[in-house]
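Going letter by letter, the sequence shown gives residues 10 to 451 in our numbering.
Positions of the beta carbon are idealized from the N, C-alpha and C atoms, including for glycine.
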Amino acid sequence: MGLSDQVRLGALTRWVTPELVEEAISAHGRRDKRPGALPAQTMVYFVLGLALFHQDSYDDVAENLVGAIPGMGDAIPNRSSFTRARQRLGPQVLETVFRKVAGPLAPAGLAGSFFRGMRLAAVDGFYLDAPESAENRAAFGGQVAPDGSPLAFPQVRVVTLTEVGTHAVLDARVGGLVDSEQDLAAPLAADTDGMLVIMDRGFVGVNVWQEFTKAGAHVLIRAKTNNARTPLEHLPDGTYLAKISQWAGKRQVRTVTVRVIEYQVDSGEAIRLLTDLLDPEQAPADELAALYHERWEAELSNRQIKTFQRGPQQVLRSAQPGLVHQEVWAHLAVHHCLSRMIVDIAGQHRIDPDRISFVKVLKAVRRSVIQQAASTPRRLTKFLVTLASKLRKLDIGPRRDREADRLVKRFKLKYADPPKGWTRQPTRRTQPKTITLLPRLV
């Protein structure tokens with residue numbers, strides 16, 4: 010048996026099948042015909058292995074994938090061979106693998122997944138640190154001091170569309186600090202027909218709004234301080250209609266009508282939401298105000314990727330932008346497969362997927378790879394049945410209130426001096442206890 014026939018990622022191959030990988034490779038013409046070269050299919054699974062075992066070296070990942078095959082340990086290529094094979098593979102194949110695997114997971118009726126017949130999704134972004142190199146800094150950008158010297162690693166910006174009820178990433182765009190969140194978010198609208206998409210204030214803009222609404226989605230976005238302040242029409246429930254505009258210099262080029270909902274949480278700051286759901290009877294203001302907090306689920310999904318799966322404060326492996334993109338798509342594909350596994354386990358036990366520990370499932374899959382427990386369909390089935398039977402260990406109980414201090418923990422490269430006057434600014438996100446609408450009446 011060849012290396013490409015043996016390298017598999019345990020339970021993940023239930024969805025990332027050899028047939029799917031072959032389709033992705035063929036679509037981009039990446040089949041390597043050089044004698045002795047690492048096969049493209051092998052490299053797809055190897056890159057997924059790099060994401061699954063992010064903190065391990067190339068050699069360790071290769072050992073994890075093929076260590077159970079007699080005599081294969083002596084045949085593991087060196088790091089440079091893997092790097093050259095990754096370069097030949099490119100990022101597009103892994104992106105295609107992710108898109109073939111990704112899709113909505115929440116079954117009808119799953120709590121927290123639907124609102125009045127609309128599937129709930131959320132758009133959010135996060136950053137990943139890339140290794141310091143001239144190519145990465147030019148492609149992605151990074152924080153710099155007033156004199157232009159680097160203060161932090163080059164940063165990759167990832168914007169995701171996440172299914173609220175399952176934490177599954179449905180779509181994503183990968184850019185850098187040089188790219189705006191709104192520019193990366195707009196293309197995510199393509200497959201959102203019938204969804205209600207929740208976003209924070211960083212995504213307020215006419216372009217994003219129109220892209221999602223034209224695609225058949227509805228939107229619920231938190232407003233910035235200066236958005237939609239002037240009522241055009243007061244509605245019976247105390248909400249009002251207003252407009253948000255896109256400007257080119259001093260010229261107003263596009264406007265959209267929005268419904269504005271103002272409320273307070275636990276007598277705190279006033280929060281203002283914008284939505285295209287203009288009918289108060291079809292979308293009551295108090296229900297939308299309570300629903301906005303579900304956007305936090307997208308942040309929890311992103312945390313699973315950047316903190317648990319990648320590892321806290323870990324830097325990506327790749328010193329070249331193309332390989333960075335390849336690595337990020339691999340992380341997204343692995344995360345979606347883990348989310349599918351969690352939804353399956355929760356469905357078998359008829360509990361909320363939130364109760365299944367992502368970390369424990371991640372560790373179990375890693376063990377299955379090392380032990381080659383899923384090298385045959387029979388063993389794969391046995392592994393999944395065994396994992397599902399361990400509910401006592403996987404179940405972390407009903408969801409708890411989401412609250413945490415947010416601190417900038419990875420601000421700069423080691424030993425670099427912070428900018429003058431820079432201080433940490435913690436913010437808090439808490440579960441709403443009491444929502445009080447702030448109606449504006451004539």
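Run through the DSSP bridge pairs and tell me what residue i is partnered with.
{"i": "Phe123", "result": "Arg128"}
{"i": "Ile360", "result": "According to DSSP, which records beta bridges pairwise, Ile360 is partnered with nothing at all."}
{"i": "Gln273", "result": "Ala279 and Thr445"}
{"i": "Tyr2", "result": "The chain is shown only over 10 to 451; residue 2 falls outside these bounds and no answer can be derived."}
{"i": "Asp180", "result": "Leu170"}
{"i": "Asp353", "result": "None, per the DSSP bridge assignment."}
{"i": "Thr222", "result": "DSSP lists no partner for Thr222."}
{"i": "Asp133", "result": "Thr169"}
{"i": "Val206", "result": "Ala130 and Val228"}
{"i": "Thr284", "result": "Leu229 and Arg268"}
{"i": "Leu250", "result": "Glu242 and Arg268"}
{"i": "Val153", "result": "Pro159"}
{"i": "Ile34", "result": "Beta-bridge pairing links Ile34 to no other residue."}
{"i": "Gly185", "result": "Val165"}
{"i": "Asp295", "result": "According to DSSP, Asp295 bridges with nothing at all."}
Residues in its own chain within less than 7 Å of residue i by CB, not counting five upstream and five downstream?
{"i": "Phe123", "result": "Leu129"}
{"i": "Ala148", "result": "Gly185 and Pro330"}
{"i": "His344", "result": "Val178, Gln313, Ile314 and Gln318"}
{"i": "Ala36", "result": "Thr105"}
{"i": "Asn216", "result": "Gln191, Ala195 and Gln255"}
{"i": "Glu31", "result": "Gln50"}
{"i": "Pro27", "result": "Gln50"}
Decide if residue i is buried, meaning its Cβ has at least 16 other Cβ atoms within 10 Å, or exposed.
{"i": "Val153", "result": "exposed"}
{"i": "Ala120", "result": "exposed"}
{"i": "Thr385", "result": "Low per-residue confidence applies at Thr385: pLDDT is 45, beneath 50, and the placement is therefore not dependable, though the value from the model is reported in the following sentence. Exposed: under 16 other Cβ atoms inside 10 Å."}
{"i": "Lys223", "result": "exposed"}
{"i": "Thr234", "result": "exposed"}
{"i": "Asn87", "result": "exposed"}
{"i": "Arg40", "result": "exposed"}
{"i": "Lys315", "result": "buried"}
{"i": "Val417", "result": "Unreliable positioning characterises Val417 in this predicted model, as indicated by a pLDDT of 47, which lies under 50. The coordinate reading is nonetheless provided below. Burial call: exposed."}
{"i": "Thr201", "result": "buried"}
{"i": "Phe115", "result": "This sequence places Ala at residue 115; Phe is not what is there. Burial call: buried."}
{"i": "Ala373", "result": "buried"}
{"i": "Ala143", "result": "exposed"}
{"i": "Asp133", "result": "buried"}
{"i": "Leu241", "result": "exposed"}
{"i": "Ala288", "result": "A small fix is needed here, since residue 288 is Asp in this sequence, not Ala. Answer is exposed; the Cβ neighbour count stays below 16."}
{"i": "Thr22", "result": "buried"}
{"i": "Arg146", "result": "buried"}
{"i": "Arg95", "result": "buried"}
Report back the beta-carbon spacing between residue i and residue j to the nearest angstrom; my notes put them in contact at under 8 Å.
{"i": "Leu170", "j": "Leu179", "result": "5 Å"}
{"i": "Val378", "j": "Leu61", "result": "7 Å"}
{"i": "Val165", "j": "Tyr136", "result": "7 Å"}
{"i": "Ala237", "j": "Val267", "result": "6 Å"}
{"i": "Leu283", "j": "Val213", "result": "7 Å"}
{"i": "Ala198", "j": "Glu220", "result": "4 Å"}
{"i": "Ala131", "j": "Val206", "result": "7 Å"}
{"i": "Val110", "j": "Val25", "result": "6 Å"}
{"i": "Leu47", "j": "Ser90", "result": "6 Å"}
{"i": "Val56", "j": "Gln323", "result": "Contact flag wrong, Cβ pair sits at about 16 Å."}
Who are the Cβ neighbours of residue i in its own chain at under 6 Å, not counting the five residues just before and after it?
{"i": "Val262", "result": "Gln255"}
{"i": "Val70", "result": "Gly58, Leu59 and Phe62"}
{"i": "Ala294", "result": "Asp246, Thr248, Ile270 and Leu446"}
{"i": "Pro155", "result": "none"}
{"i": "Pro362", "result": "Thr175, Ile351, Val352 and Ala355"}
{"i": "Ala328", "result": "Pro140 and Ser142"}
{"i": "Leu286", "result": "His227 and Ala292"}
Who are the near neighbours of residue i in its chain, counting only those whose CB is closer than 8 Å to its CB and skipping five residues on each side?
{"i": "Ala117", "result": "Phe123"}
{"i": "Ile280", "result": "Arg231, Glu271, Tyr272, Gln273, Val274, Ala298 and Tyr301"}
Please check if any C-beta of chain B sits within less than 7 Å of the C-beta of residue i.
{"i": "Arg319", "result": "Judged by its chain identifiers, the structure shown contains no chain B, having just a single protein chain."}
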